[in-house]
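*Asks:*
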Amino acid sequence: MLPCQRHLFDLDPEVTYLNAAYMSPQLKSVTEAGMEALSRKSKPWTIEPADFFTHERALRETFAQLVEIDNPDQLALIPSASYGLTTAARNTPLSAGQEILVVDEQFPSNYYPWQRRAEETGATIRVVGPARPDRTTSWNEALLEAITPSTAVLAIGHIHWADGSLFDLVALRQKLNEVGAYLVIDGTQSVGALPFSVRDIQPDALVVAGYKWLLGPYSLGLAYFGERYLTGTPLEENWIARRNSEQFGGLVEYETDYQPGAARFSVGEKSNFNLVPMLHRALQQLLEWQPARIQDYCADIAREALEELAEMGCYLEPTERRAHHLYGIRLPRTIDADRLAESLSSNRVYVSRRGSALRISPHVYNTADDFRALVGCFRSALLAKST
Ligand SMILES: Cc1ncc(COP(=O)(O)O)c(C=O)c1O
Numbered sequence: 001m002l003p004c005q006r007h008l009f010d011l012d013p014e015v016t017y018l019n020a021a022y023m024s025p026q027l028k029s030v031t032e033a034g035m036e037a038l039s040r041k042s043k044p045w046t047i048e049p050a051d052f053f054t055h056e057r058a059l060r061e062t063f064a065q066l067v068e069i070d071n072p073d074q075l076a077l078i079p080s081a082s083y084g085l086t087t088a089a090r091n092t093p094l095s096a097g098q099e100i101l102v103v104d105e106q107f108p109s110n111y112y113p114w115q116r117r118a119e120e121t122g123a124t125i126r127v128v129g130p131a132r133p134d135r136t137t138s139w140n141e142a143l144l145e146a147i148t149p150s151t152a153v154l155a156i157g158h159i160h161w162a163d164g165s166l167f168d169l170v171a172l173r174q175k176l177n178e179v180g181a182y183l184v185i186d187g188t189q190s191v192g193a194l195p196f197s198v199r200d201i202q203p204d205a206l207v208v209a210g211y212k213w214l215l216g217p218y219s220l221g222l223a224y225f226g227e228r229y230l231t232g233t234p235l236e237e238n239w240i241a242r243r244n245s246e247q248f249g250g251l252v253e254y255e256t257d258y259q260p261g262a263a264r265f266s267v268g269e270k271s272n273f274n275l276v277p278m279l280h281r282a283l284q285q286l287l288e289w290q291p292a293r294i295q296d297y298c299a300d301i302a303r304e305a306l307e308e309l310a311e312m313g314c315y316l317e318p319t320e321r322r323a324h325h326l327y328g329i330r331l332p333r334t335i336d337a338d339r340l341a342e343s344l345s346s347n348r349v350y351v352s353r354r355g356s357a358l359r360i361s362p363h364v365y366n367t368a369d370d371f372r373a374l375v376g377c378f379r380s381a382l383l384a385k386s387t
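The numbers in this note's numbering rise by one with no breaks, and the one at position 114 of the sequence shown is 114.
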């Protein structure tokens, strides 16, 4: 079991931060990497042409290890999840009569790109939700049933961003394979904290914004593209994506070919000398901790508190059907939601209200005491209602 890693972060002692799904706090080592990187441009002569390629390659190699990708060349650097997901959507073959499957209340970065493509091609978006109160089981069943020969693509997360329902990507991939459909995954709310294997799941695309569970800075993420996308059209034509771009002396010998793999899909100025070393440092730390141990840690510190909340009448998915780093708590009528919000705010306990659930998202800097503080807020809302 991992010990608490709070000393590696710069968290205020009076703050109970259970909101990494909103934005993770920054590791001290990542801040240091950023400061060092920022000062480098004061002496631009120390930035060699090779640096445009070597650092971002090291970042891709580390991410490839984290999510079990055999070839790091199949990774692109992206400024946002929406950039990667729009790239996937624009390069997914679609036609009238075909269906794009998404889940109910999907995060907009993985909805709008498909909505645009549906308008352009005459394909339709089919939204799939859970039919019964046992959300995860019934949701996965509904998704499997929704996959038919008309399905062109399933665009989904590993978990639902608002309440943590866990999608059975292996079973979904199998069924999608039977009809030749694409699987495009937004891993922003899971990759880094929940084990993910590209080798096992074989998505057509996996897109991850970096500032949540990858513990990186804002505005840099990573996207994996499978074979079917590798001859696609990028959102922009940047020179560094073209073959031989390493040869700075010959850049106007224009090239028609791109660099191999998914390099064509990387954002312009992908070498981003400030953000790349920061995200790289964060991924090295995640590799050391390992996502499976992050899950175990988060499960362990929350266990007692979540039992108490269940006794108060709160609803949570059973542990085997949800992730431990992000989950939604649904309130019973005996808890006054406004009073709870007030109590959380006055006690500086940070969580998010998303849809009908209160979203809790701990990490390795949290402790069982943080969960006791959370339970205290629930109790005061419960007592307040009955007085
Ligand atoms: C599931 C999910 N995807 C993506 C994002 C971020 O999207 P983008 O990088 O496009 O701003 C969020 C932010 O909350 C999210 O919850």
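Each residue gets a CB set at the ideal place from its N, CA and C atoms; glycine is no exception.
1. Select from L59, I185 and A89 the residue whose C-alpha is nearest the C-alpha of V274.
2. Counting Cβ pairs closer than 8 Å, one from the segment 129 to 138 and one from the segment 68 to 77, do we hit at least three?
3. Under 5 Å from any heavy atom of ligand 1, by CB: list those residues in chain order, please.
4. Could you have a look at E99 and say whether DSSP puts it in helix, strand or coil?
5. Buried or exposed: where does Q106 fall if 16 or more other Cβ atoms within 10 Å of its Cβ makes it buried?
6. With L309 as the anchor, note down where its beta strand (DSSP E) starts and where it stops.
7. Across the segment 106 to 116 and the segment 248 to 256, are there enough close Cβ pairs to call them in contact, namely three or more that are closer than 8 Å?
8. Within 7 Å: the Cβ of C377 and any heavy atom of ligand 2?
9. Is the Cβ-Cβ distance between A388 and T92 less than 8 Å?
10. From the DSSP output, in three-state form, read off T121 for me.
11. Beta strand (DSSP E) containing T151: first to last residue?
12. Near F63, which residues of its chain fall below 7 Å by C-beta distance, leaving aside the five closest residues on each side in sequence?
13. Whose C-beta lies closer than 6 Å to the C-beta of T387 among residues of the same chain, with five residues either side of it excluded?
14. Please state if the CB of L214 and the CB of L279 are separated by a distance shorter than 8 Å.
15. What is the rounded straight-line gap between the Cα of L382 and the Cα of S343?
16. Name, in chain order, the residues that DSSP records as bridge partners for V349.
17. Which first and last residues belong to the beta strand (DSSP E) in which F225 is found?
18. By the 10 Å Cβ neighbour count, where 16 or more other Cβ atoms means buried, how is A209 classified, buried or exposed?
19. So, for I201: in the same chain, excluding its five sequence neighbours on each side, which residues have a beta-carbon less than 7 Å away from its beta-carbon?
20. Who are the Cβ neighbours of S29 in its own chain at under 6 Å, not counting the five residues just before and after it?
21. Per DSSP, which one or two residues make a beta bridge with L77?
22. Taking only three categories from DSSP, how would you classify A205?
23. Can you tell me which of the three DSSP states D70 falls into?
24. For A341, I'd like the list of residues in its chain whose CB is within less than 8 Å of its CB, leaving aside the five on either flank, ordered along the chain.
25. Roughly how far, in whole angstroms, is the beta-carbon of L326 from the beta-carbon of A21, given that I think they are within contact range, below 8 Å?
26. DSSP has S165 in a bridge; who is on the other side?
27. Hey, how far is the Cα of L11 from the Cα of S24?
28. Mind the definition here: the segment 362 to 381 touches the segment 31 to 44 only if three or more C-beta pairs lie below 8 Å; say whether that holds.
29. Does DSSP classify A357 as helix, strand or coil?
30. What is the DSSP secondary structure of V127, counted as helix, strand or coil?
31. For S356 versus N19, is the C-beta spacing smaller than 8 Å?
32. Decide if C298 is buried, meaning its Cβ has at least 16 other Cβ atoms within 10 Å, or exposed.
33. With L144 as the anchor, note down where its alpha helix (DSSP H) starts and where it stops.
34. For a quick check, are the C-beta atoms of L2 and L287 less than 8 Å apart?
*Replies:* In this structure, then:
1. Sequence inspection shows Asn at residue 274; the Val mentioned does not correspond to that position. Closest option to N274, Cα to Cα, is L59.
2. no
3. S80, A81, S82, F107, S109, W161, D186, T188, Q189 and A209
4. Three-state DSSP puts E99 in a strand.
5. buried
6. It is not in any beta strand (DSSP E) - L309 instead sits in the alpha helix (DSSP H) that spans P291 to E311.
7. As far as the Cβ criterion goes, the segment 106 to 116 does not touch the segment 248 to 256, which means the pair count is below three.
8. Absent from the structure shown: ligand 2. Ligands present: ligand 1.
9. Residue 388 falls outside the range modelled here, since the chain spans only 1 to 387, and no answer is possible.
10. helix
11. T151 to G157
12. L75, L222 and L283
13. Unreliable placement is indicated for T387, whose pLDDT of 48 sits below 50; the coordinate value is still reported in the next sentence. Contacts found: none.
14. yes
15. 11 Å
16. DSSP lists T16 as the beta-bridge partner residues of V349.
17. G221 to F225
18. buried
19. L169, V170 and R173
20. R281
21. Residue pairing of L77 in beta bridges, as defined by DSSP: L222.
22. strand
23. coil
24. Within the same chain, A341 has close Cβ partners R353.
25. 5 Å
26. R322
27. 11 Å
28. no
29. strand
30. strand
31. no
32. Note on C298: 16 or more other CB atoms within 10 angstroms of its CB, so buried under the neighbour-count rule.
33. R135 to A146
34. No.
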